[in-house]
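Asker: Let me begin by handing over the structure; questions about it come next.
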Amino acid sequence: MILALVEQDGGKVNLHSLEMLTLARRLAEETAVPLHVVVIGQVVDGLGAHGVTAVHLAEHDALDDYAPAAWAECVVQLIAAERPTAVLAAGTERGNEVMAYLGARLGVVMAANVTAVSPGDDYRVTRLRWGGSLLEEAWLKGEPKLLTVAPLVIQAETVEGGAVEIRPFTPQLSADGLRVKVYGRTQPESGKVTLADARVVVSGGRGVGSAEGFAVLEELADLLGGAVGGSRVATNLGWRSHTAQVGQTGTRVAPDLYIACGISGAIQHWVGCKSARHILAINTDPDAPMVTKADYAVIGDLHEVLPALIAELRQRIQSK
1 MILALVEQDG GKVNLHSLEM LTLARRLAEE TAVPLHVVVI GQVVDGLGAH
51 GVTAVHLAEH DALDDYAPAA WAECVVQLIA AERPTAVLAA GTERGNEVMA
101 YLGARLGVVM AANVTAVSPG DDYRVTRLRW GGSLLEEAWL KGEPKLLTVA
151 PLVIQAETVE GGAVEIRPFT PQLSADGLRV KVYGRTQPES GKVTLADARV
201 VVSGGRGVGS AEGFAVLEEL ADLLGGAVGG SRVATNLGWR SHTAQVGQTG
251 TRVAPDLYIA CGISGAIQHW VGCKSARHIL AINTDPDAPM VTKADYAVIG
301 DLHEVLPALI AELRQRIQSK
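Using the working numbering, the first residue of the sequence shown is number 1, and each one after it goes up by one.
The structure is reproduced here in structure tokens:
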């Protein structure tokens, strides 16, 4: 049996968990075993369309929100009962953290950010290294095999699934496992599009010049129904909140259009936006890495280019 940890928030499955389930289903099919998932706290629907045959639902009063050690303990107890050959999770902050706890508890190595798997006594895995600039081929040993799937690399697929069996269980949790836990959440402003969900992302870097300089980016994003992001420099300088950071240590985005304004394009930022379908760079430096990698580029001062672009968009909107 292949076991997958599915992340959910309010009953909605995380997109990267669905991407992970695509690889998990393929692995289950290649090894002729069923695909089971573990869901913590709240049951979710629609998993049969991703090849899942059984859902192990961990129910406990203390599991009302994320607690990494407690989540890992749930999976450890399930592994002892079900003996899966492999355990997978999405390569998100939560997925990587829980799997690291799991590896430490079981004394088994964990392969992070995997993009492909060839099963056998040992798994041959391909995984992202150095922020996605390098693909590594490696052998994964241990029982069970532990791995996380790189986000925004595998397209989530659906299949013609059957009935899914729900198997509730109550894990035994210790106070030590609950010392780290999410006790509250801050919700985004009502009606605002999040970076992760936006079809258009307008991001600014050092070239924006100031926090006030982001006003024109916000105006463009509003016109396009998108969200505003920033580079690490912009967030470190306090021009934007760190929740708006796009990059290896921020949010990784995959919009239809990514507009990079005054961003040089260091590898850490490129990792965060390279999954966009189209990238437009606006920069005064024609040799900036972002310009050379982008699908389209405008060489010029963003404070002149963006107002002209906004004026043209408004005129076209009014003429419709």
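Backbone N, C-alpha and C fix where the C-beta goes; we use that ideal spot for every residue, glycine too.
1) Under the assumption that residue 178 contacts residue 227 (Cβ atoms under 8 angstroms), give the Cβ distance between them as a whole number of angstroms.
2) When we look at the beta-carbon of residue 14 and count the other beta-carbons within 10 Å, is it buried (16 or more) or exposed?
3) Measure how close the beta-carbons of residue 87 and residue 63 come, nearest whole angstrom, since I'm counting them as under 8 angstroms.
4) Rounded to the nearest angstrom, how far is the Cβ of residue 241 from that of residue 203, given a contact under 8 angstroms?
5) State the DSSP-derived secondary structure class of residue 101, mapped to helix, strand or coil.
6) Confirm, please, whether the CB-CB distance from residue 56 to residue 36 is below 8 angstroms.
7) Based on the DSSP output, what are the partners of residue 40 in its beta bridges?
8) Which residues does DSSP list as the beta-bridge partners of residue 148?
9) Could you tell me the boundaries of the beta strand (DSSP E) in which residue 173 lies?
10) Short of 8 angstroms in beta carbon distance, which residues of its chain neighbour residue 209, apart from the five on each side in sequence? Order them along the chain.
11) Based on Cα-Cα distance, which residue from 255, 224 and 235 lies nearest to residue 316?
12) If you scan the region 224-267 from start to end, which runs of the alpha helix (DSSP H) of 4 or more residues do you find wholly inside it?
13) Do you know how far the Cα of residue 160 is from the Cα of residue 284?
14) Could you check whether the region 258-273 touches the region 145-160, counting it as contact only if at least three pairs of C-beta atoms, one from each stretch, sit closer than 8 angstroms?
15) Report yes if the C-beta distance between residue 180 and residue 69 is below 8 angstroms; otherwise report no.
16) According to the Cβ coordinates, are residue 95 and residue 104 closer than 8 angstroms?
17) Give me, in chain order, the residues of the same chain whose beta-carbon lies closer than 6 angstroms to that of residue 216; leave out the 5 immediate sequence neighbours on both sides.
18) So, helix, strand or coil for residue 157, using DSSP?
Answerer: The short version:
1) Within the sequence shown, the letter at position 178 stands for residue 178. Within the sequence shown, the letter at position 227 stands for residue 227. Going by Cβ atoms, the distance from residue 178 to residue 227 rounds to 34 angstroms, so no, they are not a contact pair.
2) Along the sequence shown, read from residue 1 onward, the residue named residue 14 stands at position 14. A residue is called buried once 16 or more other Cβ atoms fall within 10 Å of its Cβ, and residue 14 is buried on that count.
3) Here residue 87 is taken as the residue at index 87 of the sequence shown, counted from 1. Here residue 63 is taken as the residue at index 63 of the sequence shown, counted from 1. Incorrect: roughly 18 angstroms between the Cβ atoms, too far for contact.
4) Residue 241 sits at position 241 when you count from the first residue of the sequence shown. Residue 203 sits at position 203 when you count from the first residue of the sequence shown. Residue 241 to residue 203, Cβ: 13 angstroms. No contact.
5) As a position in the sequence shown, residue 101 is number 101, starting the count at 1. Of the three classes helix, strand and coil, the one that applies to residue 101 here is helix, per DSSP.
6) Sequence index remark: in the sequence shown, residue 36 carries index 36 (1-based). Sequence index remark: in the sequence shown, residue 56 carries index 56 (1-based). Result yes, Cβ atoms of residue 36 and residue 56 sit closer than 8 angstroms.
7) Within the sequence shown, numbered from 1, the residue matching residue 40 stands at position 40. Looking at the DSSP assignment, residue 40 forms a beta bridge with 58.
8) On the sequence shown, position 148 is the one that residue 148 refers to. Per DSSP, 89.
9) Stepping through the sequence shown from its first residue, residue 173 is reached at position 173. Segment: none, residue 173 is in no beta strand (DSSP E) and carries neither H nor E.
10) Residue numbering aside, residue 209 sits at position 209 when the sequence shown is read from its first letter. Once the five neighbours on either side are set aside, the close Cβ partners of residue 209 are 262 and 303.
11) Locating residue 316 in the sequence shown gives position 316, counting from the first residue. Comparing C-alpha distances from residue 316 to each of 255, 224 and 235 shows the shortest one belongs to 224.
12) Taken in chain order, the complete alpha helix (DSSP H) segments of 4 residues or longer contained in the region 224-267 are 232-236.
13) Taking the sequence shown and counting its residues from 1, one reaches residue 284 at position 284. Taking the sequence shown and counting its residues from 1, one reaches residue 160 at position 160. Between the alpha carbons of residue 284 and residue 160 lies a distance of about 51 angstroms.
14) Here the region 258-273 does not lie against the region 145-160, with fewer than 3 beta-carbon pairs under 8 angstroms apart.
15) On the sequence shown, residue 180 is found 180 positions in, with the first residue counted as 1. On the sequence shown, residue 69 is found 69 positions in, with the first residue counted as 1. The beta carbons of residue 180 and residue 69 sit closer together than 8 angstroms.
16) As a working note, residue 95 is residue 95 in the sequence shown. As a working note, residue 104 is residue 104 in the sequence shown. No. Outside cutoff.
17) Here the question's residue 216 lines up with position 216 in the sequence shown. Only 306 meet the Cβ criterion.
18) Here the question's residue 157 lines up with position 157 in the sequence shown. If DSSP states are grouped into helix, strand and coil, residue 157 belongs with coil.
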